[in-house]
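Asker: Residue 71 in the numbering used here sits at position 86 of the sequence shown; the count goes up by one each step and never skips.
The beta-carbon is built from N, C-alpha and C at its ideal position, and this holds for glycine as well.
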Amino acid sequence: MIALLFLFFLALGAGVLSGVVGTGSSLIMLPVLVTLYGPRIAVPVMAIASLFGNIGRGIAWWHEICWRPVFAYSLAGVPAAVLGAHTLLAISPATVDVFLAAFFLSMIPLRRLIRRSNLHLNLWHMSFAGAIVGFLTGFVLSTGPLSVPVFTGYGMSSGAFLGSEAASATLLYAGKLGTFGVSGALTRPVIARGLAIGIALLVGSMIAKRLVQRLQTHTFELLIDAVLVAGAAGMILSLNG
-14 MIALLFLFFL ALGAGVLSGV VGTGSSLIML PVLVTLYGPR IAVPVMAIAS
36 LFGNIGRGIA WWHEICWRPV FAYSLAGVPA AVLGAHTLLA ISPATVDVFL
86 AAFFLSMIPL RRLIRRSNLH LNLWHMSFAG AIVGFLTGFV LSTGPLSVPV
136 FTGYGMSSGA FLGSEAASAT LLYAGKLGTF GVSGALTRPV IARGLAIGIA
186 LLVGSMIAKR LVQRLQTHTF ELLIDAVLVA GAAGMILSLN G
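1) Considering only their Cβ atoms, is the gap separating S153 from G41 smaller than 7 angstroms?
2) Short check: CB of F124 to CB of L73, under 7 angstroms?
3) Can you give me the Cβ contacts of L106 inside the same chain, cut-off strictly under 6 angstroms, excluding the 5 residues immediately before and after it?
4) Does the distance from the C-beta atom of V175 to that of V30 stay below 7 angstroms?
5) Mind checking which residues open and close the alpha helix (DSSP H) that includes I40?
6) If you measure between the beta carbons of A185 and F(-7), is that distance less than 7 angstroms?
7) For the 8 angstroms Cβ check, are there 3 or more pairs between the region 149 to 165 and the region 64 to 72?
8) Starting from L282, trace the alpha helix (DSSP H) in both directions and tell me its first and last residue.
9) Please classify L(-10) as buried or exposed, where buried requires at least 16 neighbouring CB atoms within 10 angstroms.
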């Protein structure tokens, strides 16, 4: 019970962070969950929690969601996430972790280069990116920072970015959870822990809306860069572990 209370309040803080920058909750929660329960339980627990956290952000920014890129991204992303979940236990994530670490770091200057050159992703790009990120979401512990440059590259920021990314992530995690359910990974303890953490993430993401409304664009961009660096560091540390 004490461990669950600790996870709840930690998830509340992670939900606020995720609600501000659009990602980060998995980067905070997964190391703790793996330490407490092991990876076989931690992954489906975090999948349930992430679904709720993304629902919270989607509700908070519902009126600013850009649905066309969301559907373009999810149309290829959902089946790819299902495929990725099926391969979760068969493929070692070590190679993917190296790629993601390099990708996260390269996105910091690349996002600025794209913005300065006035280049924007179109719907076809969104669909292609959705397939890649969707597959990785299926079997990699945390790909949240991977979707950040995709949606910001389409031209979104602040509420539009947060809501649209959350809506697409909700669909991807629903596909992943469906696969876990069919495979029998969603036991009662897993569901209970996932719901407890998920509710905290949802509440945290709702609280974060006021913080986002006060942020200047420059500060928002710096926070995204910080999460990308943290994501790269997390992938590198997982290799050493």
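Answerer: Considering the structure as presented:
1) no
2) yes
3) Sequence-distant Cβ neighbours of L106 in its own chain, meaning closer than 6 angstroms and more than five residues away, are G138, Y139.
4) yes
5) 24 to 45
6) In contact: A185 and F(-7) (Cβ atoms closer than 7 angstroms).
7) yes
8) The requested residue 282 does not occur in the structure, where the chain is confined to residues -14 to 226.
9) Classification for L(-10): exposed.
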